[in-house]
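Last residue of the sequence shown: 159 in our numbering, with the numbers rising by one and none dropped.
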Amino acid sequence: MSNMEKHLFNLKFAAKELQRNSRKCDKEEKSEKTKVKQAIQKGNMEAARIHAENAIRQKHQSINFLRMSARISALMDKFEKQFETLDVQTAQMEDTMSSTTTLTTPQVTLPVISQEGNTPEPFLDLNLELPAGQTSSLASSVASAEQVRYPSRAGRYEQKYLSQYTFENLR
């Protein structure tokens, strides 16, 4: 159970407890009203007033408990909606990021040394160019694997063979 679910459970529990307390206050209000009637029948007006004040206090307390319960329930509903929205946004973002990363893998190209076929022999063995256009995720992952393996080889070939050639020698 995640931390958010624990908080949600605690909110539900608190709302039910407040409703229970409201019902309890309603019962005590009724008992205070019966005590008021009994006190009036006996002619004890001071006791009747005290019981009436208690009944009024219990009624207000019951209403306050119901009000707090309703507020917590509304908060809980809003929290659940935001949590669901967050889940949807997270899933959408993950989907977008996964599709974006597979479509935007950079293409590795080697520098063209000559157009007349004077390319050093090791460069002929390296075939790093990707097909033109958009690639599938499988082709992108294969291209990514090639990029991981070949950059060090390409760098070595560049240092070894390009240092021998200048652009004047190639023309």
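Each residue gets a CB set at the ideal place from its N, CA and C atoms; glycine is no exception. Note that the structure is predicted; figures quoted are calculated from it, not measured.
- The segment -3 to 76 is shown to contain no whole beta strand (DSSP E) run of 3 or more residues.
- Contact between the segment 11 to 30 and the segment 70 to 84 is absent: fewer than 3 CB-CB pairs across the two stretches fall below 8 Å.
- Less than 7 Å separates the beta-carbon of Ile60 from that of Leu(-1).
- Note on geometry: alpha-carbon atoms of Lys4 and Ala40 lie some 28 Å from one another.
- The Cβ-Cβ distance between Glu20 and Ala36 does not fall below 7 Å.
- With 16 or more neighbouring CB atoms inside 10 Å of its own CB, Ser57 falls in the buried class.
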